Amino acid sequence: MKTFIYQLKLDPRLYDNHAWTDEGKKAVECHYIRLKEDFEKGIIIHVGRTEDPTYDGFGIVVFNALSIEEAKAYMLDDPAVKGGQMTAKVFPYKQAFHQ
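In case it helps, the working numbering puts the sequence shown at residues 8 to 106.
In structure tokens form, the structure reads like this:
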């Protein structure tokens, strides 16, 4: 297994709370449930986001996969990415320190 990180950015149109649809809210709820379940399964190592998810804010998911192709497929299967509420980029990740 190798470690990867994907960075999530909220679609700028959703900085306005009035722009959210029920479908978009459901996609983000499914995104959260998937991350929680995969964390409990040991697939995900760490999940977090900046306090303000707008403008320069972002979220990260650190996880294990066999290859960059598998990591990209995992990222693209994220419900909030599939639904267009968030954009994402995946990178190989090497941890330097951990506490």
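Idealized CB from N, CA, C, for every residue including glycine.
This structure is a prediction, so every number in the text was calculated from the model and none was measured.
- Residue pairing from DSSP places P99 in a beta bridge opposite F11.
- Separation of R20 and K48 (C-alpha to C-alpha, rounded to the nearest whole angstrom) is 33 Å.
- The criterion of a C-beta distance shorter than 7 Å is not satisfied by Y13 and V54.
- With a minimum length of 3 residues, the unbroken runs of beta strand (DSSP E) contained wholly in the stretch 8 to 50 fall at 9 to 17.
- Straight through space, the alpha carbons of P60 and Q92 are spaced by roughly 12 Å.
- With a 10 Å radius around the Cβ and a threshold of 16 neighbouring Cβ atoms, Y22 comes out exposed.
- Rounded to whole angstroms, Y39 and A26 show a C-alpha spacing of 20 Å.
- Taking C-beta atoms as the reference points, A103 and F11 fail to come closer than 7 Å.
- Just measuring C-alpha positions, the residue of V35, A95, S74 sitting nearest M8 is S74.
- Secondary structure note for Y81: its alpha helix (DSSP H) is the uninterrupted segment 75 to 83.
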